[in-house]
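Here's the structure, in structure tokens; my notes come after.
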Amino acid sequence: MAIACSIRVRLNHGRTPVRADTIAGRLPATAWHRHSAGNGAKGPRYYDWAWIHIGAGSHRHLLIRRNRTTGELAFYLCWSPAQVPPAELVRVAGIRWSVEECFQAAQGAGLDHYQVRNWTSWHRHVTLAMLALAFLTAHAADAAADRPAKPHHPARSRDPIALTVPEIRHLLAVAFHQPALSVAKLLHWSTWRGHHQATARRSHYRRRATGEPAGWMTKPHWSTRSATTSVSPLSAFAVTAISIADASA
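Residue numbers for the sequence shown follow UniProt numbering, so the first one is 1 and each next one is one higher.
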């Protein structure tokens with residue numbers, strides 16, 4: 001459970017209440033260990049972590065996270081029915097990022113775009129928004145390639161990233177809203193964004209893994225012809241949608 005820095009925890013078998021930030025300030029350098037809190041959009045999310053056993057005869061800990069760049073601290077109270085390794089505490093604390101990413105994706109599908117005052121109206125809107133998100137997520141999963149053996153070390157290639165939920169939403173919005181773009185232009189821009197995002201992702205992953213500065217990757221080159229020769233199933237669906245939109249105009 002995340003707590004404020006002003007919360008007092010009891011040390012010395014529960015006899016001494018001390019503020020969480022005061023405990024962090026008294027820790028020696030050897031108390032901090034580097035662990036990843038999970039995988040983010042830019043690679044593993046590495047922080048410095050420290051954990052202090054609190055309470056008597058129980059598996060309770062104060063977990064402290066320190067940003068390796070800014071030094072910002074975050075505090076968590078942990079309890080487990082049995083002894084667990086510190087890496088497991090770090091993993092559970094890092095799940096919050098995944099939850100926030102899910103909410104952000106749902107907001108992109110309209111989850112927060114409502115002005116209702118009763119349960120029935122709210123429930124209808126949320127149901128439709130989650131249905132739209134499920135549709136986009138299913139298509140993104142179908143268009144994605146097999147999971148790589150080393151997902152945090154992407155290959156140095158010119159392949160674009162797999163279609164994402166925002167990209168699918170963008171393709172469908174362009175396809176069904178007039179004036180619709182041509183098929184060639186739509187696929188060209190979609191492929192360009194995919195290549196650009198793939199280059200940025202590889203750069204971020206490499207920098208976090210080895211400490212090298214961003215920009216180590218050479219800029220990939222591709223032509224409009226190559227953008228139209230490799231079409232994913234969903235891109236083909238977007239092309240069909242454009243054709244339908246043009247025919248009905």
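Quick reminder that beta carbons are idealized off the backbone N, C-alpha and C, glycines included.
In the three-state scheme derived from DSSP, where H, G and I count as helix and E and B as strand, Gly94 is classed as coil.
Counting only the Cα atoms, Thr127 lies some 12 Å from Trp119. The Cβ neighbour count for Trp49, taken over all protein chains shown within 10 Å, is at least 16; the residue is labelled buried. By the 16-neighbour rule on beta-carbons within 10 angstroms, Cys78 is buried. The beta carbon of Ile54 is closer than 7 Å to those of Val9, Arg10, Leu11, Arg60, His61 and Leu62 in its chain, skipping five residues each way along the sequence.
Between Ala93 and Ala31, the gap from beta carbon to beta carbon reaches 8 Å or more. Between Tyr47 and Arg26, the beta carbon gap of about 19 Å keeps them out of contact (Cβ cut-off 8 Å).
Judged by DSSP secondary structure, Ile23 falls outside any beta strand (DSSP E) and instead within the alpha helix (DSSP H) spanning Ala20 to Arg26. If you ignore the 5 residues before and after Leu89, its C-beta comes within less than 7 Å of the C-beta of Trp51, His61, Leu63 and Cys78, all in its own chain and listed in chain order. Out of Leu73, Gln115 and Val165, the CA that lies nearest to the CA of Cys5 is found in Leu73. In this structure, Trp97 lies near Arg45, with their beta-carbon atoms less than 8 Å apart. Taking 8 Å as the upper bound for CB-CB distance, Val165 and Thr191 are not in contact here, some 18 Å apart. Here Pro17 carries a strand assignment [DSSP, helix/strand/coil]. Between Thr69 and Val116, the alpha-carbon positions lie close to 42 Å from each other.
Residue environment analysis places Arg15 among the exposed positions, since fewer than 16 neighbouring C-beta atoms fall within 10 angstroms of its C-beta.
When secondary structure is reduced to three states using DSSP, Gly55 falls in the coil class, being assigned neither helix nor strand. In the DSSP annotation of this structure, the continuous segment of the beta strand (DSSP E) that includes Gly40 starts and ends at His33 to Gly40.
The straight-line gap separating the alpha-carbon atoms of Gln104 and Ala132 is approximately 14 Å. The DSSP-derived three-state label of Pro44 is strand. With a contact defined as Cβ atoms closer than 8 Å, Tyr76 and Ala2 qualify at about 6 Å.
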